[in-house]
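The numbering of the sequence shown is numbering that gives the first Met the number 0, which starts it at 0 and goes up by one.
Just so it is clear, CB atoms sit at the ideal spot from N, CA and C, and this is done for glycine as well.
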Amino acid sequence: MPLLLSLEALSALPSTVHRPAYDVGGVAIGIVHLGLGAFHRAHQAVYTDAVLAGDPRWGICGVSLKTPRATATLAAQDGLYSVLTKSREATSVRVIGSLRETLFLGTDRDRLIARIADPAVAIVTLTVTEKGYCHDPATGRL
Numbered sequence: 000m001p002l003l004l005s006l007e008a009l010s011a012l013p014s015t016v017h018r019p020a021y022d023v024g025g026v027a028i029g030i031v032h033l034g035l036g037a038f039h040r041a042h043q044a045v046y047t048d049a050v051l052a053g054d055p056r057w058g059i060c061g062v063s064l065k066t067p068r069a070t071a072t073l074a075a076q077d078g079l080y081s082v083l084t085k086s087r088e089a090t091s092v093r094v095i096g097s098l099r100e101t102l103f104l105g106t107d108r109d110r111l112i113a114r115i116a117d118p119a120v121a122i123v124t125l126t127v128t129e130k131g132y133c134h135d136p137a138t139g140r141l
């Protein structure tokens, strides 16, 4: 049976897997990101993960806008996930710990508003992609 990624399981991972270089449990949320898509998880959350070793104030609260699936999956893994990086020379696996809270807009709207209003949150971001936000000419809405 495969090992489910979690805070408790970090120490059981093979030594070839790069783990967060900070106390994941000591990270505060300073960023709210609207969207839990692959682009955010592979870019912004990875860069933020690198910052957390020096400054634990910048954990991310990720908000799923469309479905609760990503929220539930990440919550079951304590917000942890892995990023695989391939080059001609090597392949590396890194566990990302910057995503410290996940919310689903459909059921967590009040929690989201409270999180954005939290004085510890200094940054609110969103990912805009060519496929994610399409204009509907019939309604004029995104």
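- Under DSSP, E100 takes part in a beta bridge, and its partners are C60.
- In this structure A27 touches G58 by the C-beta definition: roughly 6 Å separates them, less than 8 Å.
- Sequence-distant Cβ neighbours of S97 in its own chain, meaning closer than 7 Å and more than five residues away, are A44, T47, D48, L51, G58 and I59.
- Two segments are said to touch when three or more pairs of C-beta atoms, one from each, lie closer than 8 Å; by this definition the segment 101-114 touches the segment 66-85.
- Judged by DSSP secondary structure, H32 falls within the beta strand (DSSP E) whose first and last residues are I28 to L33.
- DSSP, reduced to helix, strand and coil, places S10 within a helical segment of the structure shown.
- The beta carbon of L33 sits closer than 6 Å to those of V62 and L125, all from its chain and outside the five residues before and after it, given in chain order.
- Comparing alpha carbon positions, the residue from V82, A119 and D117 closest to V16 is V82.
- Counting only runs of 4+ residues, the alpha helix (DSSP H) found wholly inside the segment 65-109 occupies 68-75, in chain order.
- As the crow flies, the alpha-carbon of L6 is around 27 Å from that of P118.
- Minimum Cα-Cα distance from K65 among the listed residues R110, L35 and S10 corresponds to L35.
- Between G29 and A121, the C-beta gap is smaller than 8 Å, which places the two residues in contact.
- DSSP places V16 within a strand segment (E or B) once states are collapsed to three.
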